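First up is the structure itself, then whatever we jot down about it.
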Amino acid sequence: MSGTPFIKAENLCFSYSIAEDGGLRRELPVIKNVSFEIGRGDFVAILGHNGSGKSTLAKLLNLILTPTSGKIYIDGRDITDPAITEDDIFEIRRKIGMVFQNPDNQLVATVVEEDVAFGPENLGIPPEEIRRRVNEALAIVGMSAYARHSPHQLSGGQKQRVAIAGIIAMLPECIVFDESTSMLDPSGRKEVMNTIVSLNRDRGITVLHITHNMDEAVLADRVIVINDGEIFLDGTPREVFSHVGELQSVGLDVPQVTELLYELSVDGIKMPDGSPLPRGVLSEEEGAEILRALL
Amino acid sequence: MLKDITLGQFFPGDSPLHKLDPRTKLILTTVYIILVFVARGAPGFAVILLFTLAMIAASKIPAKIILRGLRPLVFIITFTAIINLFWTKGENLLFRLGFIEIYSEGVLYAVLMVLRVVLLLLGSSVLLTYTTSPIALTDGLEQLLSPLKKLRVPVHEFAMMMTIALRFIPTLIEETDKIMNAQKARGVDFSSGGIIRRAKALIPILIPLFVSAFRRADELAIAMECRCYRGGEGRTRMKVLKLSYRDLVASVIFVFFTAAVIAANVFIPWLSV
Ligand SMILES: Nc1ncnc2c1ncn2[C@@H]1O[C@H](COP(=O)(O)OP(=O)(O)OP(=O)(O)O)[C@@H](O)[C@H]1O
Ligand SMILES: [Mg+2]
């Protein structure tokens, strides 16, 4: 990570204003004084139980919601500056694409390729260039063969890949996936996860992956745990998942191997040479290795 | 069951009619409809009938499908025929039974009126709805009506609404199916009882359907904003509608067709109505 971070949040706060009986409004603080930096090309997983503010945080990053206070810099540019123009906002939304949970509710057109073209069309790009980008985006997500299908003929995983293609065609620098795998069956999850990982590894796209699935979080370079609108833990998957007790206290699971070794060490089991069991073990191979040494 | 409902009547194919630009087809259909109303004498109708049959042949749509499209009109056709048959007074009495009098003019009126209704439906469906996909139709309408934008008519917004409706109809139908099955599993009976009972049985379907449709609309709006949607201003299209030599040929054919109908009206208005 060198130079300015791609995303930088400083003392970010956000409250929803909720209408109550009698015309009164009540402020519901959801994001509370959050600061973080995300480098270009990073793959960050964001964990947190339901209602902890993950989606809200994502929507602040591309100005679907405006922060109550605090600053957000994208690529060094202050997007919370009141002087920001509408064109700037659309440029930020182009740079930071978003893929949501329900694949059905983000596809606009009745034909796959027309849907992928929707974003570039909004950007006012010339037709030949849109055609080129659409073909390329569909090839990247492996959906070229379905270009002329209608979305309702596709499986959940395929629809989600079309949604991703629709974002890729806008040439984003970062994509936020807001629980984009949570409505899919295991094979759909795998398709989409493979696509996400390869976008990050092969194309250098910065990825923020909001998820409840620990096995997906393990794939990231960094895990941020959000609890009740605040950053609770932040580090590599190994560091974060070594805090098994803390994670469980905020209602999160850890991968099964991690939990098994944690429970063993809580029960006072040590390595044969007397050293404590390693913490934050993530891969099943590594876990099996340790268990073999114990037996 | 519900899934079998098809959208519009589009019948995919690659006939010359399918390949015409949707804008051309919209304009030519309008011309066709006007001609059907303008035609007065039997020769005029004959010209239109022949032309329509030629269009059906060119569209390569099976006659069975075309006839099926006429079925919903049987009532209107019968009604038109009866009204014209019994209520037209003329000089040439053919038949009298009590107060019912049928004149030869009545028979002629009935035949031509029925022909008019049938031609309207056949022509517009073969020229437009059977051979144009709903998306092409929407695009064509948006482009044709775009001059109205200057008068602040929200043409783009209407076209977008149509596209989204077309996109979500299958999704909502599927969802209705699911909800119905869920309610059936709980013992709700949709198929017996009087009208009121059946209507009441629909409430537990409609409410979840509406709730979900609003949630979908909300999520879709956010997704569209994230994809930089800001209305029709400054927006380009991947597929630009382009007129080809076919559209020119079709228009020339229509000029001759129009001339033939008008000539028949003026010079040989036999058996006029
Ligand atoms: N539009 C809204 N108006 C008012 N309150 C809202 C709105 N959206 C979310 N909230 C509230 O804000 C809090 C955080 O919601 P958010 O959707 O950001 O959580 P989340 O971490 O994404 O949860 P989940 O895992 O369920 O998606 C919740 O308490 C929620 O009820
Ligand atoms: Mg959420």
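Read top to bottom, the protein sequences are chains A and B. Going by the working numbering, the first sequence opens with residue 36, and the numbers climb by one from there. Going by the working numbering, the second sequence opens with residue 1167, and the numbers climb by one from there. Using N, Cα and C, we set each Cβ at its ideal position, and we do this for glycine too. Since the model is a prediction, treat every value here as computed from it, not as a measurement.
Report the CB separation of residue i from residue j in whole angstroms; it is logged as a contact under 8 angstroms.
| i | j | result |
| --- | --- | --- |
| Leu1437 of chain B | Thr1190 of chain B | That pair is no contact at about 33 angstroms. |
| Leu296 of chain A | Leu82 of chain A | The Cβ separation is near 19 angstroms, so there is no contact. |
| Val289 of chain A | Met249 of chain A | 6 angstroms |
| Gly88 of chain A | Gly264 of chain A | 4 angstroms |
| Arg314 of chain A | Ser277 of chain A | 4 angstroms |
| Asn140 of chain A | Ala1389 of chain B | 7 angstroms |
| Phe78 of chain A | Asp256 of chain A | 5 angstroms |
| Cys209 of chain A | Thr241 of chain A | 4 angstroms |
| Phe1211 of chain B | Ala1205 of chain B | 5 angstroms |
| Pro1188 of chain B | Gly1306 of chain B | 3 angstroms |
| Val169 of chain A | Val151 of chain A | 5 angstroms |
| Val197 of chain A | Met218 of chain A | The pair is not a contact, with the Cβ atoms about 14 angstroms apart (cut-off 8 angstroms). |
Identify whether residue i lies in helix, strand or coil by the three-state DSSP scheme.
| i | result |
| --- | --- |
| Tyr1395 of chain B | coil |
| Glu55 of chain A | coil |
| Arg60 of chain A | strand |
| Asp1170 of chain B | Low confidence applies to Asp1170 of chain B: its pLDDT is 43, below 50, so where it sits in the model is not reliable, and the reading given next is rough at best. Here Asp1170 of chain B sits in helix by DSSP. |
| Glu214 of chain A | coil |
| Ala1379 of chain B | helix |
| Ala198 of chain A | helix |
| Pro311 of chain A | strand |
| Leu47 of chain A | strand |
| Met36 of chain A | Its pLDDT being 46, under 50, Met36 of chain A is placed unreliably by the model, and nothing is read from it. |
| Lys1366 of chain B | helix |
| Lys305 of chain A | strand |
| Ile42 of chain A | strand |
Cα separation between residue i and residue j?
| i | j | result |
| --- | --- | --- |
| Gly154 of chain A | Tyr1395 of chain B | 7 angstroms |
| Val176 of chain A | Leu95 of chain A | 27 angstroms |
| Arg1363 of chain B | Arg1234 of chain B | 33 angstroms |
| Ile160 of chain A | Ile1232 of chain B | 41 angstroms |
| Ala204 of chain A | Arg1393 of chain B | 10 angstroms |
| Asn1431 of chain B | Ile1248 of chain B | 26 angstroms |
| Thr1196 of chain B | Pro1178 of chain B | 22 angstroms |
| Pro64 of chain A | Glu324 of chain A | 46 angstroms |
| Ala1367 of chain B | Gln1349 of chain B | 9 angstroms |
| Thr103 of chain A | Ile42 of chain A | 18 angstroms |
| Ser1299 of chain B | Glu251 of chain A | 41 angstroms |
| Met1279 of chain B | Leu1311 of chain B | 32 angstroms |
| Asp213 of chain A | Gln136 of chain A | 6 angstroms |
| Leu1216 of chain B | Met1404 of chain B | 39 angstroms |
| Gly280 of chain A | Ala328 of chain A | 25 angstroms |
| Val1377 of chain B | Val292 of chain A | 41 angstroms |
| Ile1171 of chain B | Ser1417 of chain B | Per-residue confidence for Ile1171 of chain B stands at a pLDDT of 45, beneath the threshold of 50, marking its modelled position as unreliable; the derived number appears in the next sentence. One C-alpha to the other measures close to 34 angstroms. |
| Pro1320 of chain B | Gly74 of chain A | 43 angstroms |
| Leu1375 of chain B | His247 of chain A | 28 angstroms |
| Gly322 of chain A | Val316 of chain A | 7 angstroms |
| Val260 of chain A | Leu268 of chain A | 5 angstroms |
| Arg1262 of chain B | Leu1274 of chain B | 17 angstroms |
| Leu1192 of chain B | Val1202 of chain B | 16 angstroms |
| Ser318 of chain A | Asp1343 of chain B | 43 angstroms |
| Leu1173 of chain B | Pro1336 of chain B | With a pLDDT of 49 at Leu1173 of chain B, under the threshold of 50, the modelled position of that residue is not reliable, and the figure given next carries that caveat. For Leu1173 of chain B and Pro1336 of chain B, the distance between alpha carbons rounds to 9 angstroms. |
| Gly1398 of chain B | Ala1387 of chain B | 15 angstroms |
| Thr101 of chain A | Val258 of chain A | 25 angstroms |
Just curious, the alpha helix (DSSP H) that residue i is in, first and last residue?
| i | result |
| --- | --- |
| Met1404 of chain B | No alpha helix (DSSP H) contains Met1404 of chain B, which DSSP labels as neither H nor E. |
| Leu282 of chain A | 279-284 |
| Ser300 of chain A | 291-301 |
| Met1221 of chain B | 1208-1225 |
| Thr145 of chain A | Careful: Thr145 of chain A lies outside any alpha helix (DSSP H) and carries neither H nor E. |
| Ile325 of chain A | 319-329 |
| Thr1196 of chain B | 1188-1204 |
| Pro1182 of chain B | 1182-1185 |
Just curious, the beta strand (DSSP E) that residue i is in, first and last residue?
| i | result |
| --- | --- |
| Asn1431 of chain B | Here Asn1431 of chain B belongs to no beta strand (DSSP E); instead the alpha helix (DSSP H) covers 1411-1433. |
Can you tell me whether residue i sits near ligand 3, meaning its C-beta is under 7 angstroms from at least one heavy atom of the ligand?
| i | result |
| --- | --- |
| Lys94 of chain A | In the structure shown, ligand 3 is absent; the only ligands present are ligand 1 and ligand 2. |
Using a Cβ-Cβ distance under 8 angstroms, would residue i count as near chain D?
| i | result |
| --- | --- |
| Val176 of chain A | Absent from the structure: chain D. Protein chains present are A and B. |
Check: What residue ranges within the segment 1272-1327 of chain B form continuous alpha helix (DSSP H) runs of no fewer than 4 residues, ordered along the chain?
Finding: Taken in chain order, the unbroken stretches of alpha helix (DSSP H) that lie wholly in the segment 1272-1327 of chain B and span 4 residues or more are 1300-1311.
Check: What are the uninterrupted segments assigned as beta strand (DSSP E) that are 3 or more residues long and contained completely in the segment 61-141 of chain A, given in chain order?
Finding: Runs found: 78-82, 104-109, 131-134.
Checklist line | Segments of 4+ residues assigned as alpha helix (DSSP H) that fall wholly inside the segment 219-279 of chain A | finding: If we require 4 residues or more, the alpha helix (DSSP H) runs fully inside the segment 219-279 of chain A come out as 221-238, 249-252, 272-276.
Next item on the list: Identify every run of the beta strand (DSSP E) within the segment 1232-1273 of chain B, keeping only runs that are complete inside it and at least 3 residues long; order them along the chain.
Entry: Annotation note: the segment 1232-1273 of chain B contains the following uninterrupted beta strand (DSSP E) runs of length 3 or greater, listed N- to C-terminal: 1259-1263, 1266-1269.
Notebook entry, point to check: Which full runs of the alpha helix (DSSP H) of 4+ residues lie inside the segment 145-179 of chain A, going along the chain?
Noted result: For the segment 145-179 of chain A, whole alpha helix (DSSP H) runs of length 4 or above, ordered along the chain, are 147-157, 162-175.
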